[in-house]
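Below: one structure, written as structure tokens.
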Amino acid sequence: MIEKIGALWPEIILFAAACIVMVVGLSPTAAVRRLCAPLAGAALIVAGIVAWFTTPAAHGPLPMLPLFGKTLVAGVGVLLALLLAGTPDREYESAIARGATGYDPIRANRAEFWAFFLFSLTGAMLCAGADDLIWLFLALELTSLPTYIMVAVSTGRNRSMEAAVKYFFLGALGAAVFLYGFTLLYGGTGTTRLFAPAGEPSIASILAAQAAGPGINAVAMTGLVLSFLGVCFKIAAVPMHFYTPDVYQGASSAVAGFLAFVPKAAGFFTILILAGAAGWWGSSPVDAGGSLPQPLHQIVLIVAILTMSVGNALAVVQSSAKRMLAYSSIAHSGYMLVGVVAGPGPANAPYTSNGVAAVLFYLLSYGVMNLGAFAVLASLERRRADGSADEADDVNDLKGLCATRPLLGWTLVLSVVGLLGLPPLLGFWAKLPLFTSAISSNEIGLVIVLGLNSAVAAYYYLRLASVALLESPELTNDTVRSSPFPARAVAGLASAVGIVLLAAWPLNQWAMQGGRYQRVEPLKAAEGTPPARVDAGAPAAR
Amino acid sequence: MTHLLSHLASVALAASPPAEGAARAAAPVLGRVVEGPWTAVLIPGLPLLAAVLVALCAAGRVRSKLPAWITVGCLAGAFAAAVQTYLAVVHQPGLAQGVRVLEWIHLSWGEKPGQSFAADFGLYLDSLTMLWMLFVTGLATLIALYASEYMAHDLGAGYNRFYFAFALFVFSMSCLVMGDNLILLYLGWEGVGLCSYLLIGYFYKKPSAVAAAKKAFIMNRIGDLGLALGIMLTFVQFGSVRYAEIFEAAAPYLTLAGEGRIGEIPLLIQLIPVLFTVGAFGKSAQLPLYVWLPDAMEGPTPVSALIHAATMVTAGVYLVARFLPLYQCSTWALPIVAWTGAGTALLAATIGMAQFDIKRIMAYSTVSQLGYMFAGLGVLTSAGAAYHVFTHAFFKATLFLGCGAVMHGFAGQLDLRKLSGVAFMKGWGIVGLAMLVGCLNLAGFPFTAGFFSKDMILAEAFASPTYQALGWVLLFTAGLTAYYTFRVFFRVFIGPKFYEPGDELHAHDDHGHGHGGAHGHGDGHGHAPAKAKATADAAHDFHPHAPGWAINVVMVLLTVGSILAAYPYLISWVPGLIDASSARVIEVAHGGEHAHGTFFGYDPHAVMYYVSAIVGAVGIIFAFVLHFVGRTGAATAKADALLPVFGPLARWAQNKWYVDEFYNFLVRVPLLVISHVLHLADKLLVDGLVDLAGFMPQAAGRGLRRQQTGALNGYAFGMVLGVGVIAAIGAVLLW
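So the protein lines, in turn, are chains B and S. Counted from 1, the first sequence has number 582 at position 438 by the working numbering; the numbering is strictly sequential. Counted from 1, the second sequence has number 621 at position 445 by the working numbering; the numbering is strictly sequential.
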């Protein structure tokens, strides 16, 4: 146990920072309260640097995933901290500043908001490093539980409350599904350890032994399938996607941007860990690479196709920019599942054949590009008749943005064109390995669906871009104005710069490292595991 | 002087033809690449740096000559790097050197050969590359210096824009020439096309400049389509786009061709060079795609000199020379290249004879000389073609910059009927002398660089038994060339002093629309008077504005360069370089006696010096008699009296043989008709399909949208149902 602490310093730093923020945010002095966000950002930077230098555990099929995942979460987390600036307590704080009311710690939400922000990121990091089912469950829930509160307090309006309640109940349902899956997985293998040093029993080595022998136990396979379907909630994949648009729209744009990345990242880390435990099987058991065991492979494939198609089809008909981005976020999960289906390819496969590296790089790219789009929405406000402000949401609010606010406008254009995957921007280099890895694992049908969906996505992404770039602003319309938080525009700008520069940066080598896959040795039968149930599900093990 | 000339003559005429006589260097090792010097990276790197810095200048709204000095400095650095790299490359003759700058595109979709696609940002350095890069970087440096003065009227945004595109052009050109794969070449190819477009359209408020830019761009697109198809076919056939691997894969075919068994080479392999040729004809302005180049003279003159005379338009020649091994594997490619080149040379020369705008004459002469280069490649004297590229780069840049100086000094006046005796005016001596040297070169006057390089091509054409007729075409064209070149010189630069300023004095009224002319010099040269005066008066107070130090220095350097460009001939420098590169001509074994063409029974390589010297002299004498003797004013010369003799021919030539109108009739009108028809079809049919394609996701979306009721229990039900269905599918699959 104690040796695990060594790999957990980033999480420990974030946890400590969250505790400090929780106290600092309750200070009666406004200047001290404002320290919450800078403290959180600083903690993330430190955690990111520490994560970069942590030595990962040597065992497990994806040994470098924790390093990649934690650094990624910390890096994007810094930008998210910029994006979330000014979200909690906005009206309350301005009322205090006007002298209309005094400071009452009971009514303030700032401390919880920033502490929960850090807790959620801690959870995502823990997911990336999980090597035990219980750990994985707790980490996933640590990622999600704070987000329910963040949604609820994000705007102070009723619709946020409604969104939070929906999100919470449906999230609980999703958690129940994957918890049930985890239970069955435990039942089918007799251990909760996902990975262990060679020779010790773990889910990965027992499943490897079953796959090499009689085929994967039906109970364990049901567990894998249900776990996957439950985690689909976190990544907003069909059939667990229903909540996405309602919750994104109910939350503030900044929190929606957060939701589109952090739970998705945690979900994909989980899926990769589970898939790694199940193993990508080649034509013979000694080959690395190949595809996931049946029927998991078919199910991931079906979910991938449904997810991207449903997400894109629904995004096409939206008039609300936030809902459009919500549906597109569903579609992007579908794209990334293609990489999971493709698998890491044969040993020493080049980057373009490694689907796991493709998923990881796409996650990074999506985090950066998505942030830009939501940052633009969060930086614009629509004034209401009573003088209060709502965040911009309607596509028409973005009309002529490049002319009126060039910085925001071009950030939006770059983000959506990047999300669309147009060369030479980041999105293209992210999507390309998804295509090539799927081709190299012979999933031609999936590639065609992916291509068609990319074309459908062009329809609504280009609409956003053309509204901002080509249409002239409504001159009489002065109801749309910039929000008073320059940090959000800075986040958008950082993302725009990233979309251009990261495309030229050899980050894919980093993702390649993160996606390095090594086969788990099957556990020798003598070493005392519950007897594999030979009677169930033998033929479809490949 | 006489001593030097006679020495030159003895050397030149006694020397056996370099391509044949001198012992040939060992054949180059194609397909093998050794590590090259890292300094080669600076050749594309420094111009890119200059482009970035100038862009920063533009962002900072710099209004000084800073961008010019940045560009000149970086380009001079690139030239130094090119010299250094050249020395390293010739140190290991016959061996290509590679420098990998960064890993760029690596895709693979399987393990088998042909299932991966790799193109690095890597450099392929052999003597052909370095020959090109030496004159590209050297001339670019000089012309950037020249432009620092020439473009000074536009200081500020326009100046920055000019130098940005200029530096970007040199970067793109070095990618094109130095890249080690076809993708990088294509990137450079499109890059130079873009910069050419930007610079032709530099005066974007002038409709004719915009139209010319569009024309250049569209004509080049047609060619680029050919090149793109050629690249794709190369990849399909050879499984790679890297030069080394292509040459390696093509080696067996080259052996077949060398044994005279060219018929056994697969047709698709033979098609590749034909497709490349389409691209080369677009970029290098050959029939039928040449029409953009004369119009490209709408750009500032330094651009015409660098891009549209010396460097970019030779990219096509480079492409053919680089892939000469593939061309020699094709039955049709080289004859197409040869005859198109000769046809273009003749056609452009006839048009050039009848034009009055001196810059356009130079443009047509460029098209014509490019035709010579292609003809040279076609008759398999790649050394002659490359040497002509080299000499032409110098003397044509000299000529253009001389014309630019005139345009600059006489308020945009370029009409040879309105200028006379310019060389005798105060401050114009250097320009006059430079023009004389340039014209002698272009006319092929004995012992000039242009004379030697043209002879190599002419002699080889006559030496080849199948290209006798082509030799005559080129020889006739050489006479025409000498005539129209000296027509310009005799009318504009010597004779009685006379000038009429161009119409760009008007520009004083509207300073907003800049032009490459003379307005806006704040240096007290007594330009046009105050704005209030009528423009009619302006002409009376006009004084030509003699060129300043930057223009004069560059003119002197280029003149010296044009003269010295003859020296490499005497030491067979270019043939040595070409033989050590992929442009080496392979010996084709003929069954039995090697057929050898003759010129009236003489060896063409021996007599062509005298023949072309005589032809050139005749052309010059015609020009002298018709345009100089007895001429008292600028407007008319004896030549006008001859016009009726030629009847409609002269008028047709003046109207450029109505090629533009012909294309208009043949291509544009049908296209307009077709596009109207297609527009209808598009409205009815395609839009319908597109609407349907858009409608399907929309319909699906609307259908699915009903599921998004917002009701919690509905969502939960959907989720559970979904899990159930998918789990059931899983169970079915498992079972």
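No residue lacks a Cβ here, since even glycine has one placed at the ideal position from N, Cα and C.
Item to check | Contacts that K378 of chain B makes with chain S (C-beta to C-beta distance below 8 Å) | outcome: Within the first sequence, the letter at position 234 stands for residue 378 of chain B. Simply none; closest approach about 13 Å.
Checklist entry - Helix, strand or coil for I527 of chain S per DSSP? => result As a position in the second sequence, residue 527 of chain S is number 351, starting the count at 1. In the three-state scheme derived from DSSP, where H, G and I count as helix and E and B as strand, I527 of chain S is classed as helix.
Next on the checklist: Whole angstroms are fine: how far does the CA of V277 of chain S sit from the CA of F405 of chain B?
Outcome noted: As a position in the first sequence, residue 405 of chain B is number 261, starting the count at 1. As a position in the second sequence, residue 277 of chain S is number 101, starting the count at 1. Whole-angstrom Cα-Cα distance: 35 Å.
Next on the checklist: 7 Å is my cut-off, CB to CB: does F322 of chain B come that close to chain S?
Outcome noted: Numbered from 1 along the first sequence, position 178 holds the residue referred to as residue 322 of chain B. Chain S, which has no Cβ nearer than 7 Å to the Cβ of F322 of chain B, makes this no.
Next on the checklist: Assuming A826 of chain S and A530 of chain S are in contact, meaning their beta carbons sit under 8 Å apart, how far apart are those beta carbons, in whole angstroms?
Outcome noted: If you number the second sequence from 1, residue 826 of chain S lands on position 650. If you number the second sequence from 1, residue 530 of chain S lands on position 354. Yes, A826 of chain S and A530 of chain S are in contact; Cβ-Cβ is about 6 Å, under 8 Å.
Checklist entry - Starting from G298 of chain S and walking both ways along the beta strand (DSSP E), at which residues does that stretch end? => result For this step, residue 298 of chain S is matched to residue 122 along the second sequence. Per DSSP, the continuous beta strand (DSSP E) segment holding G298 of chain S begins and ends at 292 to 301.
Next on the checklist: Below 7 Å on C-beta distance, what does Y506 of chain B contact in chain S?
Outcome noted: The residue labelled residue 506 of chain B in the question sits at position 362 within the first sequence. Within chain S, no residue comes near Y506 of chain B; the closest Cβ sits about 16 Å away, beyond 7 Å.
Item to check | C-beta neighbour in chain B for Y891 of chain S, strict 7 Å | outcome: What you label residue 891 of chain S is simply residue 715 of the second sequence in a count that begins at 1. Under the Cβ criterion of 7 Å, Y891 of chain S is counted among the residues facing chain B.
Next on the checklist: According to DSSP, simplified to helix, strand and coil, what is G906 of chain S?
Outcome noted: Position 730 of the second sequence, counted from the first residue, corresponds to residue 906 of chain S. G906 of chain S falls in the helix class under three-state DSSP.
Next on the checklist: I need the DSSP call for G332 of chain B, collapsed to helix, strand or coil.
Outcome noted: In the first sequence, counting from the first residue as 1, residue 332 of chain B sits at position 188. In this structure, G332 of chain B counts as helix in the three-state DSSP scheme.
Checklist entry - From which residue to which residue does the beta strand (DSSP E) around G533 of chain B run? => result Position 389 of the first sequence, counted from the start, is the residue given in the question as residue 533 of chain B. One point to set straight first is that residue 533 of chain B is Ala, not Gly, in the sequence displayed. Run containing A533 of chain B: 533 to 535, per the beta strand (DSSP E) assignment.
Checklist entry - Which residues mark the beginning and the end of the beta strand (DSSP E) in which S626 of chain B is found? => result Translated into positions along the first sequence, residue 626 of chain B becomes position 482. Secondary structure note for S626 of chain B: its beta strand (DSSP E) is the uninterrupted segment 624 to 626.
Next on the checklist: Run through chain S and tell me which residues come within less than 8 Å of P383 of chain B, C-beta to C-beta.
Outcome noted: Within the first sequence, the letter at position 239 stands for residue 383 of chain B. Those are G894, M895, L897, G898, V899, V901, I902, listed as they occur along chain S.
Item to check | From S:V582, S:T653, S:A658, residue whose alpha carbon lies closest to that of C615 of chain S | outcome: For the purposes of this step, residue 615 of chain S is identified with residue 439 of the second sequence, where counting begins at 1. Looking at the Cα atoms, S:A658 is the closest of the given residues.
Checklist entry - Among B:A252, B:T555, B:T231, which one has its Cα closest to the Cα of I240 of chain B? => result Here the question's residue 240 of chain B lines up with position 96 in the first sequence. Nearest option by C-alpha distance: B:A252.
Next on the checklist: Give me, in chain order, the residues of the same chain whose beta-carbon lies closer than 6 Å to that of L375 of chain S; leave out the 5 immediate sequence neighbours on both sides.
Outcome noted: Residue mapping note: residue 375 of chain S aligns to position 199 of the second sequence, counting from 1. Cβ within range, chain order: A341, G475, V479.
Item to check | Buried/exposed call for H852 of chain S, threshold 16 Cβ in 10 Å | outcome: If you number the second sequence from 1, residue 852 of chain S lands on position 676. Flag for H852 of chain S reads exposed.
Checklist entry - With which residues is E325 of chain S paired in a DSSP beta bridge? => result The count along the second sequence starts at 1 and reaches residue 325 of chain S at position 149. E325 of chain S is not bridged to any residue.
Checklist entry - Taking Cβ positions only, does G877 of chain S come closer than 7 Å to chain B? => result If you number the second sequence from 1, residue 877 of chain S lands on position 701. Yes, G877 of chain S counts as interfacial toward chain B.
Checklist entry - In chain order, what residues of the segment 312 to 327 of chain S put their CB closer than 9 Å to some CB of chain B? => result Residues of the segment 312 to 327 of chain S with a C-beta atom less than 9 Å from some C-beta of chain B do not occur.
Next on the checklist: Give me the chain S residues within the contact set of P568 of chain B, using Cβ-Cβ distance strictly less than 8 Å, ordered along the chain.
Outcome noted: One-based indexing of the first sequence puts residue 568 of chain B at position 424. In chain order: nothing, as chain S lies at least about 11 Å away.
Checklist entry - Per DSSP, which one or two residues make a beta bridge with G274 of chain S? => result The residue given as residue 274 of chain S occupies position 98 in the second sequence. DSSP lists S:E211, S:Y300 as partners of G274 of chain S.
Next on the checklist: Between the alpha carbons of I583 of chain B and T567 of chain S, how many angstroms are there, rounded?
Outcome noted: Walking along the first sequence from the start, residue 583 of chain B turns up at place 439. Walking along the second sequence from the start, residue 567 of chain S turns up at place 391. I583 of chain B and T567 of chain S have their C-alpha atoms spaced approximately 51 Å apart.
Checklist entry - What alpha helix (DSSP H) runs, 4 residues minimum, are completely inside the segment 231 to 256 of chain B? => result List check, alpha helix (DSSP H) in window: 234 to 242.
Checklist entry - For S435 of chain B, which beta-bridge partners are listed by DSSP? => result In the first sequence, residue 435 of chain B corresponds to position 291, counting from 1. Listed as beta-bridge partners of S435 of chain B by DSSP are B:W425.
Item to check | Status (buried if at least 16 other CB within 10 Å, exposed otherwise) for D356 of chain S | outcome: Start at 1 with the first residue of the second sequence, and residue 356 of chain S comes out as number 180. The residue in question, D356 of chain S, is buried, as its Cβ has 16 or more Cβ neighbours within 10 Å.
Next on the checklist: Pop quiz: L515 of chain B and A635 of chain B are said to be a contact at Cβ under 8 Å. What is the actual Cβ separation, rounded to whole angstroms?
Outcome noted: Counting from one through the first sequence, the residue named residue 515 of chain B turns up at place 371. Counting from one through the first sequence, the residue named residue 635 of chain B turns up at place 491. About 6 Å; that satisfies the 8 Å criterion.
Item to check | Those residues which DSSP pairs with V503 of chain B across a bridge | outcome: Locating residue 503 of chain B in the first sequence gives position 359, counting from the first residue. The partner list for V503 of chain B (beta bridge, DSSP) is empty, contrary to what the question assumes.
Next on the checklist: Check for me: the alpha helix (DSSP H) holding E525 of chain B runs from which residue to which?
Outcome noted: Within the first sequence, the letter at position 381 stands for residue 525 of chain B. First-last for E525 of chain B: 524 to 527, but that is the beta strand (DSSP E), not the alpha helix (DSSP H).
Next on the checklist: Just verifying my parser: in three-state terms, what is the DSSP assignment at V417 of chain S?
Outcome noted: Position 241 of the second sequence, counted from the first residue, corresponds to residue 417 of chain S. Three-state result, V417 of chain S: coil.
Checklist entry - Under 8 Å Cβ-Cβ, which residues of chain C neighbour Y387 of chain B? => result Judged by its chain identifiers, the structure shown contains no chain C, and its protein chains are B and S.
Checklist entry - Out of curiosity, what's the CA-to-CA distance linking A612 of chain B and I360 of chain B? => result For the purposes of this step, residue 612 of chain B is taken as the residue at position 468 of the first sequence. For the purposes of this step, residue 360 of chain B is taken as the residue at position 216 of the first sequence. Rounded to whole angstroms, the gap between the alpha carbons of A612 of chain B and I360 of chain B is 53 Å.
Checklist entry - If we cut at 7 Å on Cβ distances, does G886 of chain S have a partner in chain B? => result Position 710 of the second sequence holds residue 886 of chain S. For G886 of chain S, a Cβ of chain B is located within less than 7 Å of the residue's own Cβ.
Checklist entry - Per DSSP, Y778 of chain S forms a beta bridge with which residues? => result Taking the first residue of the second sequence as position 1, residue 778 of chain S is located at position 602. Looking at the DSSP assignment, Y778 of chain S forms a beta bridge with S:F775.
Item to check | Any chain B beta carbon closer than 7 Å to L910 of chain S | outcome: Walking along the second sequence from the start, residue 910 of chain S turns up at place 734. Taking a beta-carbon distance threshold of 7 Å, L910 of chain S counts as an interface residue toward chain B.
Item to check | Residues of its chain near V899 of chain S, where Cβ-Cβ distance is below 7 Å and the 5 sequence neighbours each way are ignored | outcome: Position 723 of the second sequence, counted from the first residue, corresponds to residue 899 of chain S. Counting only residues of its own chain and dropping the five nearest sequence neighbours on each side, V899 of chain S has no CB closer than 7 Å to any other CB.
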